[in-house]
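Numbering (this note's numbering), first residue to last: 129 to 209.
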């Protein structure tokens, strides 16, 4: 037995807890990165395939960009409080 009756060594246990229980800021950063990626991807699709897609698809991409931007600003405003 290691560490007073535990089979898992303490450094491994500490590393596992840090990996599976991330800090709050890490989760918020991951959400912000996903929103930024959605905005950039939608803009690239509109720029390069704008002539080929229908008006309904272009409208959906613009709504997606707008919604992602609103969510991104909401998350950022909560971070800066």
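For each residue, glycine too, the CB sits at the ideal point set by N, CA and C.
Spatial neighbours of residue i in its chain, beta-carbon cut-off 7 angstroms, leaving aside the 5 residues before and after
i: residue 212; result: Beyond the ends of the chain as shown, which are 129 and 209, falls residue 212; an answer cannot be given.
i: residue 181; result: none
i: residue 186; result: 174 and 178
Unbroken alpha helix (DSSP H) run spanning residue i, endpoints
i: residue 209; result: Unbroken run through residue 209: none, as it is neither H nor E.
i: residue 137; result: Neither: residue 137 is in no alpha helix (DSSP H) and is coded neither H nor E.
Integer-rounded CB distance, given that residue j should sit under 8 angstroms from residue i
i: residue 163; j: residue 199; result: 6 angstroms
i: residue 193; j: residue 167; result: 6 angstroms
i: residue 160; j: residue 191; result: Residue 160 to residue 191, Cβ: 20 angstroms. No contact.
Contacts around residue i, its chain only, beta-carbon distance under 6 angstroms, and the 5 residues preceding and following it disregarded
i: residue 196; result: 163, 166 and 167
At 3 residues or longer, and completely inside the segment 155-202: list those beta strand (DSSP E) runs for me, N to C. Runs of the beta strand (DSSP E) inside the segment 155-202: none found.
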